[in-house]
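Just below is one structure, and these are the notes that go with it.
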Amino acid sequence: MTADPGSADRSADLTDERTSDVTLTFGGNATTLLRLGGFTLLTDPNFIRRGQRVYLGKGLFAKRLTDPAILPEDLPDLDAVLLSHLHGDHWDRVAYATIDKATPIVTTQAAARTLSSRGFSATADLRPWQVHEVGRGEETLRITSVPGVHGPGPLAKVLPPVMGSVLELLRDGEVTWRGYVTGDTLFRPWLGEVLQRCGPLDVVVAHLGGTKALGVTVTMDGRQGADLVELLKPPVTVPVHYDDYDRFASPLGDFVREVAERRAPGELRTVLRGETISLRA
Numbered sequence: 001m002t003a004d005p006g007s008a009d010r011s012a013d014l015t016d017e018r019t020s021d022v023t024l025t026f027g028g029n030a031t032t033l034l035r036l037g038g039f040t041l042l043t044d045p046n047f048i049r050r051g052q053r054v055y056l057g058k059g060l061f062a063k064r065l066t067d068p069a070i071l072p073e074d075l076p077d078l079d080a081v082l083l084s085h086l087h088g089d090h091w092d093r094v095a096y097a098t099i100d101k102a103t104p105i106v107t108t109q110a111a112a113r114t115l116s117s118r119g120f121s122a123t124a125d126l127r128p129w130q131v132h133e134v135g136r137g138e139e140t141l142r143i144t145s146v147p148g149v150h151g152p153g154p155l156a157k158v159l160p161p162v163m164g165s166v167l168e169l170l171r172d173g174e175v176t177w178r179g180y181v182t183g184d185t186l187f188r189p190w191l192g193e194v195l196q197r198c199g200p201l202d203v204v205v206a207h208l209g210g211t212k213a214l215g216v217t218v219t220m221d222g223r224q225g226a227d228l229v230e231l232l233k234p235p236v237t238v239p240v241h242y243d244d245y246d247r248f249a250s251p252l253g254d255f256v257r258e259v260a261e262r263r264a265p266g267e268l269r270t271v272l273r274g275e276t277i278s279l280r281a
């Protein structure tokens with residue numbers, strides 16, 4: 001039998017098309033541009049420059065140590081902004097000034113109230129495990145709000161409510177990709193409920209850094225991030241939110257080392273600021 005000389009090229013084209021239909025471009029901190037099929041989402045927009053400070057509330061500030069790799073003038077048309085919570089390093093003064101107030105914003109109830117009071121007219125205020133859908137033709141983007149713990153104990157009254165998000169790309173009603181963006185949460189074993197409610201994940205985008213507030217850790221450090229990987233067992237994990245501000249106490253190397261030492265499942269896929277990677281396994 002004679003092989004079709006073009007079959008390898010066609011197979012490669014199909015592979016390239018499949019891996020390029022779900023991508024992440026890293027802007028720094030928790031800011032990413034997600035292209036999920038025909039949908040484009042911006043997460044946690046943070047545009048201030050290196051050396052500038054953001055206000056976190058209750059007298060707390062954080063200084064940026066890096067420049068952003070995504071700026072407002074770089075943004076394509078957006079289907080939505082996905083906002084994990086309303087902190088200055090996730091939605092800053094530049095975002096208030098430059099993001100179109102008619103842009104859909106999927107966020108917590110507390111953040112939606114504040115944004116609505118500032119003139120943003122298309123906020124979707126999700127309660128834990130509530131679902132929001134965006135449709136276009138034969139594709140649907142389903143967003144499920146996942147609860148998180150940003151402020152343990154008494155800090156829960158100081159820090160704003162936070163949510164993670166499970167994102168599902170559906171074509172003709174079938175889920176073709178599923179990812180979990182953790183938001184600024186600490187590890188808790190009950191996060192395994194993500195799998196029970198939504199199903200197996202293709203990727204986890206993990207907010208790390210071991211952020212310190214009033215001397216208390218309020219985001220996952222390297223150890224807790226590895227705990228999450230062991231719990232959810234995603235084929236791909238993409239770490240973000242680990243070195244852009246002076247409040248981070250656990251660098252990316254902590255997480256990489258923990259994952260390697262435990263031989264945690266899946267692939268660790270790091271991304272440089274300004275780089276675009278596939279979110280397919």
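The sequence shown begins at 1 in the UniProt record's numbering and counts up one residue at a time. All residues carry an ideal CB built from backbone N, CA and C; glycine is no exception.
Using DSSP's beta-bridge definition, name the partner residues of residue i.
{"i": "Glu168", "result": "Arg142 and Arg178"}
{"i": "Ser278", "result": "Thr23"}
{"i": "Val54", "result": "Ala62"}
{"i": "Gly28", "result": "Thr31"}
{"i": "Thr107", "result": "Asp125"}
{"i": "Ala213", "result": "Val216"}
{"i": "Val236", "result": "Val203 and Glu267"}
{"i": "Pro147", "result": "Met163"}
In whole angstroms, what separates the C-alpha of residue i from that of residue j?
{"i": "Pro189", "j": "Gln224", "result": "10 Å"}
{"i": "Pro76", "j": "Gly199", "result": "31 Å"}
{"i": "Tyr55", "j": "His87", "result": "8 Å"}
{"i": "Asp125", "j": "Leu115", "result": "10 Å"}
{"i": "Arg10", "j": "Gln52", "result": "Confidence at Arg10 is low in this model, with a pLDDT of 40, below 50, so the placement of that residue should be treated as unreliable; the coordinate-derived value is given next. Answer to the nearest angstrom: the Cα atoms are 49 Å apart."}
{"i": "Asn29", "j": "Asn46", "result": "8 Å"}
{"i": "Asp202", "j": "Tyr242", "result": "22 Å"}
{"i": "Ser20", "j": "Val205", "result": "17 Å"}
{"i": "Glu261", "j": "Lys233", "result": "16 Å"}
{"i": "Gly38", "j": "Gly215", "result": "43 Å"}
{"i": "Leu252", "j": "Gly135", "result": "36 Å"}
{"i": "Leu24", "j": "Val271", "result": "9 Å"}
{"i": "Thr276", "j": "Leu268", "result": "15 Å"}
{"i": "Arg197", "j": "Thr98", "result": "36 Å"}
{"i": "Gly164", "j": "Leu34", "result": "15 Å"}
{"i": "Arg142", "j": "Ser278", "result": "19 Å"}
{"i": "Gly274", "j": "Ile70", "result": "7 Å"}
{"i": "Ser7", "j": "Leu228", "result": "Note that Ser7 scores 46 on pLDDT, short of 50, meaning its location in the model is unreliable; the coordinates nonetheless yield the value given after this. Looking at the two C-alpha atoms, the distance is approximately 41 Å."}
{"i": "Thr237", "j": "Phe26", "result": "14 Å"}
{"i": "Leu170", "j": "Glu133", "result": "10 Å"}
{"i": "Thr211", "j": "Trp91", "result": "17 Å"}
{"i": "Asp44", "j": "Asp74", "result": "15 Å"}
{"i": "Lys101", "j": "Arg257", "result": "42 Å"}
{"i": "residue 284", "j": "Pro72", "result": "No statement about residue 284 is possible, as the shown extent of the chain runs from 1 to 281 and does not include it."}
{"i": "Thr144", "j": "Asp79", "result": "16 Å"}
{"i": "Asp67", "j": "Arg50", "result": "5 Å"}
{"i": "residue 291", "j": "Lys58", "result": "Because the chain spans 1 through 281 in this model, residue 291 falls outside it and cannot be assessed."}
{"i": "Thr32", "j": "Leu42", "result": "6 Å"}
{"i": "residue 286", "j": "Thr108", "result": "With the chain running from 1 to 281 in the structure shown, residue 286 is simply not present."}
{"i": "Ala95", "j": "Gly119", "result": "13 Å"}
{"i": "Leu60", "j": "Phe187", "result": "23 Å"}
Could you spell out where the alpha helix (DSSP H) holding residue i opens and where it closes?
{"i": "Asp227", "result": "Gly222 to Leu232"}
{"i": "Leu195", "result": "Glu193 to Cys198"}
{"i": "Arg253", "result": "This sequence places Gly at residue 253; Arg is not what is there. Its alpha helix (DSSP H) spans residues Leu252 to Arg262."}
Would the beta-carbon of residue i fall within 7 Å of that of residue j?
{"i": "Ala122", "j": "Leu83", "result": "no"}
{"i": "Gly266", "j": "Pro239", "result": "no"}
{"i": "His85", "j": "Pro160", "result": "yes"}
{"i": "Gly179", "j": "Leu167", "result": "yes"}
{"i": "Trp177", "j": "Val22", "result": "yes"}
{"i": "Thr219", "j": "Asp184", "result": "yes"}
{"i": "Ala226", "j": "Ala264", "result": "yes"}
{"i": "Phe248", "j": "Gly222", "result": "no"}
Would DSSP call residue i helix, strand or coil?
{"i": "Tyr242", "result": "coil"}
{"i": "Ala112", "result": "helix"}
{"i": "Val271", "result": "coil"}
{"i": "Asp202", "result": "coil"}
{"i": "Ala122", "result": "coil"}
{"i": "Gly135", "result": "strand"}
{"i": "Lys101", "result": "coil"}
{"i": "Leu186", "result": "coil"}
{"i": "Thr94", "result": "The sequence given here places Val at residue 94; Thr does not occur at that position. It is helical."}
{"i": "Ala156", "result": "helix"}
{"i": "Thr15", "result": "For Thr15, the predicted structure reports a pLDDT of 42, less than 50, and the residue's modelled location is therefore unreliable. A value from the coordinates is still provided. Helix, per DSSP."}
{"i": "Pro72", "result": "helix"}
Where does the unbroken beta strand (DSSP E) through residue i begin, and where does it stop?
{"i": "Thr31", "result": "Thr31 to Leu36"}
{"i": "Ala80", "result": "Ala80 to Leu82"}
{"i": "Thr43", "result": "Phe39 to Thr43"}
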